[in-house]
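Visitor:
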Amino acid sequence: LWIACAVLVAIAAVTRRWPSWADVRASFVAGVLFGLNLCVFFITLEYTSIAVALIIGALSPVLALPIAVAFMGERYTTVKVLCTLVAVSGVVVAVLTAPAAVDGSTTRPVGYLWAVASLLVWVLYLLQTKRVRATVETVRYMTSVTLVASVTVSLLVLSLGSRLGQIEGAGWLWVSLLAIGPGIAGHGLVAWAQPRVEASVTAVLIQLEPVGASIAAWVFLDERVSLPQALAMSVVVCSLCVLAYRESREHHVVIDEAVG
């Protein structure tokens, strides 16, 4: 997090988009939620596979859609509801058909509890980001959120007496890539898109993440993917493509506005 924070501070300096104290205050809750989400997610990975953790996390539309409709003025549409149901059904099938780990271990019950906790915190962060981004620009928001998240995680690490200095050698390279790739680029794109896309739609489209993560875990970490699981993930991808296409037809984004 501190690596990502340093990079974002450099970006803010180069682009002259320093966050004000008002920006930091507005982004404070989102920053705390972001930091907690990271902690809970990595704890989840200690008790379950990457595929199961991310696939359960992909159930966010089940929570985000009704909340966004009730409190953020968004609306139900037939396509949105159908795509959500199909995608969530695909997620459930993928979870149920996920094979055991190569070493013979299986997901422990507490792993599901941590995964659900991560899901709850993530949905709250997503909705809070939608609210704050209405008034705070992307670079200022990301810088503020990452700073608050860094402080939050650091305080948790120190209060729990966790051991530091466990990363050595090439580990720092991977940590840096994790901070810059998913951390800055991934979350930055989500933050940028929030004023332009409904929060409920964002929650559905993010379900593509567990599909990519499952494939990456299969390629790089030798986590197995069964045929039924692969078919279920294909259904998820297809439903997301339909939703993205229909939303793009209804809500056009002007190029000058998008890059501005």
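Under our numbering, think of the first position of the sequence shown as 861, with each following residue one higher. A virtual CB, placed ideally from N, CA and C, is assigned to each residue, including glycine. All values derive from a computational prediction rather than experimental measurement.
#1: Please state if the CB of Val912 and the CB of Ala958 are separated by a distance shorter than 9 angstroms.
#2: Taking the CB atoms as reference points, tell me whether Ala1051 and Thr989 lie closer together than 9 angstroms.
#3: Tyr936 by DSSP, collapsed to three states: which one?
#4: Counting pairs of Cβ atoms below 8 angstroms between the segment 1033 to 1052 and the segment 916 to 924, do you hit three or more?
#5: Would you say Ser1010 and Cys865 are within 9 angstroms of each other, going by their C-beta atoms?
#6: Can the beta-carbon of Trp974 be found closer than 9 angstroms to that of Thr875?
#7: What three-state label does DSSP hand Thr904 in the structure shown?
#8: Alpha helix (DSSP H) containing Ala1009: first to last residue?
#9: Within 8 angstroms, do at least three Cβ pairs link the segment 894 to 906 to the segment 969 to 986?
#10: Between which two residues does the alpha helix (DSSP H) holding Ala1030 run?
#11: Kindly list the residues whose CB is nearer than 7 angstroms to the CB of Val1005, restricted to its own chain and excluding five residues on each side of it in sequence; keep chain order.
#12: So Ile1127 and Val999 are in contact, right, with Cβ under 8 angstroms, and what is the actual spacing, rounded?
#13: What's the gap between the Cα of Val1095 and the Cα of Val1079?
#14: Quick one: residues in its chain with C-beta nearer than 6 angstroms to the C-beta of Thr1012, no 5 flanking neighbours on either side, listed in chain order?
#15: Short of 6 angstroms in beta carbon distance, which residues of its chain neighbour Ala977, apart from the five on each side in sequence? Order them along the chain.
#16: Kindly indicate which three-state DSSP category Val941 falls into: helix, strand or coil?
#17: In three-state terms, what does DSSP make of Thr957?
#18: Between the beta-carbon of Leu1100 and the beta-carbon of Ala954, is there less than 9 angstroms?
#19: So, with DSSP's three-state summary, where would you put Trp878?
#20: By Cβ distance, which residues of its chain are closer than 8 angstroms to Ala1039, with the 5 residues on each side in sequence left out?
#21: How would you write the range of the alpha helix (DSSP H) that Leu861 sits in, first residue to last?
#22: Leaving out five residues on either side along the sequence, give the residues of the same chain with a beta carbon under 6 angstroms from the beta carbon of Tyr950.
#23: State buried or exposed for Pro879, treating a residue as buried only when at least 16 other CB atoms are found within 10 Å of its CB.
#24: Around the C-beta of Tyr936, are 16 or more other C-beta atoms found within 10 angstroms, so that it is buried, or is it exposed?
#25: I need the straight-line Cα distance from Val1102 to Ile915, nearest angstrom please.
#26: Where do the ends of the alpha helix (DSSP H) carrying Gly971 lie?
Guide: Reading from the atomic positions:
#1: yes
#2: yes
#3: coil
#4: no
#5: yes
#6: no
#7: helix
#8: Thr998 to Leu1020
#9: yes
#10: No alpha helix (DSSP H) contains Ala1030, which DSSP labels as neither H nor E.
#11: Ser887, Ala890, Gly891 and Phe894
#12: Absent from the structure is residue 1127, since the part of the chain shown begins at 861 and ends at 1120.
#13: 21 angstroms
#14: Val892 and Gly895
#15: Val900
#16: helix
#17: coil
#18: no
#19: coil
#20: Leu861, Ile863, Ala864 and Val867
#21: Premise fails: Leu861 is in no alpha helix (DSSP H) and is neither H nor E.
#22: Per the sequence shown, residue 950 should be read as Gly rather than Tyr. Cβ neighbours of Gly950 beyond the five flanking positions: Ala1092, Val1095 and Val1096.
#23: buried
#24: exposed
#25: 20 angstroms
#26: Pro969 to Val992
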